[in-house]
Every structure is written in structure tokens, then in C-alpha cells.
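Q: Before I ask anything, let me first share the structure, which is written out below as C-alpha cells.
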Amino acid sequence: MRVATWNVNSVKQRVPRLLPWLDDRQPDVVCLQEVKLTSAAFGELLGEPLADRGYAFAVHGQPRWNGVAVLSRAGLDDVRAGLPDEPGFPDPEARALSALCGGIRVYSVYVPNGREPDSEHYRYKLAWLAALRDAVARDAGNPAAGAAGEVLVCGDVNIAATDADVFDPAAYVGQTHVTPPERAALAELQALGLRDVVRDRWPDDRVFSYWDYRAGMFQKDLGMRIDLILATEPVAFRARAAWIDRQARKGTGPSDHAPVIVDLDEAPDGDIGPVVPPPSSRGTPPGTVRLPQSR
DNA sequence: ATGCCTGAAGGGTTCAGA
């Protein structure tokens, strides 16, 4: 099963890139962010082309900004829009949607930007991340209690987890996305037992998912890695490949973000014994580990 | 030169993005 996440920066403007990309990459599940449409307008725009391609979809939209969606041809059940006790600015915004796809609880999230450190919007960002952590904790279970579920948290987290995730740490001094409280909030989410599948696969590489439109930043590869696929261990262990699709950032009319993609092996059928712990982030890449195949 | 692009809403411009 191929799962992807993409901040499309207006799905209306991105239709000429999104549909050919679906045809080329053939993802089974796609998490979208910044659709910038109401749910009704999303359905009018994409209902038919998505049905033609075999995708069901769920949307949590709003008129101008934000908006998230999940497309799936691997099942789409128990859809949940928003987060429990979700903070707002001042009202809750369309930033989270989750559904069961192929037995996995898949989240599409668009974390608030934060604007300026210590601003109201920055405090909103931290509060929103705490609500996301609490929601995911209910699905992932408490690892200490041995109750981990199959969860993927996909989306634009608007945080660069480490200095290796920005083109130049000096360029971001005093900016959002790199401050210790933001990084701590992301670490708290990951501490539920979520692995960063792209960083696991590319521990020492320069991999970015966002490049500013201005000043040729993409052509110079001056970007940040802020779009993530986070997987609980039973899911991360099934990862055979994980990468950022830079091709989608090239050419005419791209989003300023590139898609992130992970390929998962089939779920084990339950008779293979205890799940083996995944490799450490500096150890053997998950792509080299083999689970016994069912049948 | 802290808006260098891009997009949305709406109106001849402003806000948002990271």
C-alpha cells in the first residue's frame, strides 16, 4: 500500500498537477493539506475525476484557508473531522481529518504556522500540537502499556525537527519552525512511538519538502523538511521505501511543497510471532528488513 | 529587501504563508 501526503497550496490551482501525479504515482491513500476550499466545493471540483480513478474521499474544508482531505482506494471508514477539544484562532479551523484506511488510522494534518515566536498564533500552534498529541495517543495507545495501534500521522507539521531539516540554521534564528518549544511539541508526539519514516530511510541526506517560491530557492535546493509521515512501529516496520517526490515541485504551476511517499508491505497475517523492534534511526534502513510474506 | 512569489477574497488592495 502506497501512502502519500501533499500540501497542495490550493487544490483548485493544483488540479493540473494533482491528477497527472495521481496517475503517475498511483498512491492508494493521499493526505492533502491547504485545499483552501469548502468541503462542498472540493466535491464539485474533484468528485468525478477521483471516482474515475477509484478514490473515495473525505474532506474537512473551510472557505478561504486551511482545509485537509484524505483520498483512498484502500477503504475509508470511521472518518473524524477535527480533534477532540481542538483549540481555535479563535474558532477551530479545518486542520485535521482522520480515517481508517486499510486497517490503519490515517491522519491528514495541517499544523498552524505560528507566525512569530511568542505571538498569539504561536501559542495557538503549541496548544494545537498538544491536542493532536492527545488525539493520537488515544489511537496509538500508550507504548508503555503495550497497546500500540496502527497509526500514520501525515502532513505539514510546520516544524523542522532538527537543524539538518533546514538549509541553513543561521537563516532561521528567531523564526518559527525551529524554536525549542515547537521541537519539543513534535518530540512529544513522536514519543508516543511514532517513527519518521523518511528520516529513518535517509539518516544523513539533505532532504527537504518545502521551498519558498521566491528567489529560486527550489533550484538552489534551499528548503526545509516540514512535511512528515510519522508511523507507529507496527506500520513503520512495514515500510519498504520512503521518499520525497521532488519531481512534483518542478515545472509549471507547482505547489511550494513536494509530496512525501511511503510504500508499505502487506500487513502480517498474525502468525509470525511478536513484532520485531524497528531499526534505530542510525541503524539498518527499514527498506532492507524483510518480514515473512503471508501466503 | 523581513513579501523577492503565490493564492484568496473582493474591489482598485490586503492578508496569509514559513
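Numbering (this note's numbering), first residue to last: -12 to 282. From the three backbone atoms N, C-alpha and C, an ideal C-beta is built for every residue, glycine too.
#1: To the nearest angstrom, report how far apart Gly136 and Ala122 are at their CA atoms.
#2: Does the region 238 to 253 come into contact with the region 146 to 166, if we say contact requires no fewer than three beta-carbon pairs (one atom in each stretch) closer than 8 Å?
#3: Which residue marks the beginning of the beta strand (DSSP E) containing Ser95, and which one marks its end?
#4: Nearest-angstrom Cα distance between Ala285 and Asn(-4)?
#5: Quick test of the definition: if touching needs 3 or more C-beta pairs under 8 Å, does the region 201 to 214 touch the region 166 to 178?
#6: Please classify Asn74 as buried or exposed, where buried requires at least 16 neighbouring CB atoms within 10 angstroms.
#7: Cα separation between Ala132 and Gly210?
#8: Please look up how many angstroms separate the CB atoms of Val93 and Val46, rounded, as I've assumed it's under 8 Å.
#9: Quickly, what does DSSP pair Val55 with across the bridge? List them, please.
#10: Would DSSP call Leu87 helix, strand or coil?
#11: So what does DSSP say about Val(-5), is it helix, strand or coil?
#12: Would you kindly work out how many angstroms separate the C-alpha atoms of Cys88 and Asp65, rounded to a whole number?
#13: Using only alpha-carbon positions, find the residue among Gly30, Tyr42 and Arg227 that is nearest to Val184.
#14: What's the gap between the Cα of Gly48 and the Cα of Pro246?
#15: What residues in its chain sit with their C-beta under 7 Å from that of Asn53, if we drop five residues either side in the sequence?
#16: By the 10 Å Cβ neighbour count, where 16 or more other Cβ atoms means buried, how is Asp214 classified, buried or exposed?
A: Taking the definition as stated:
#1: 13 Å
#2: For the pair of segments examined, the region 238 to 253 was found not to touch the region 146 to 166: the number of CB pairs separated by less than 8 Å stays below three.
#3: Ile91 to Tyr97
#4: It is not possible to answer for residue 285, since the shown part of the chain is limited to -12 through 282.
#5: no
#6: Note on identity: in this sequence residue 74 is Pro, with Asn being the wrong assignment. So Pro74 counts as buried.
#7: Note that Ala132 scores a pLDDT of 49, beneath 50, so its modelled location is shaky and nothing firm can be said.
#8: Rounded, the Cβ-Cβ distance is 14 Å, inconsistent with contact.
#9: Gln20 and His47
#10: Leu87 falls in the strand class under three-state DSSP.
#11: Collapsing the DSSP output to three states places Val(-5) in coil.
#12: Straight through space, the alpha carbons of Asp65 and Cys88 are spaced by roughly 9 Å.
#13: Arg227
#14: 20 Å
#15: Glu21, Glu80, Ala81, Arg82 and Tyr97
#16: buried
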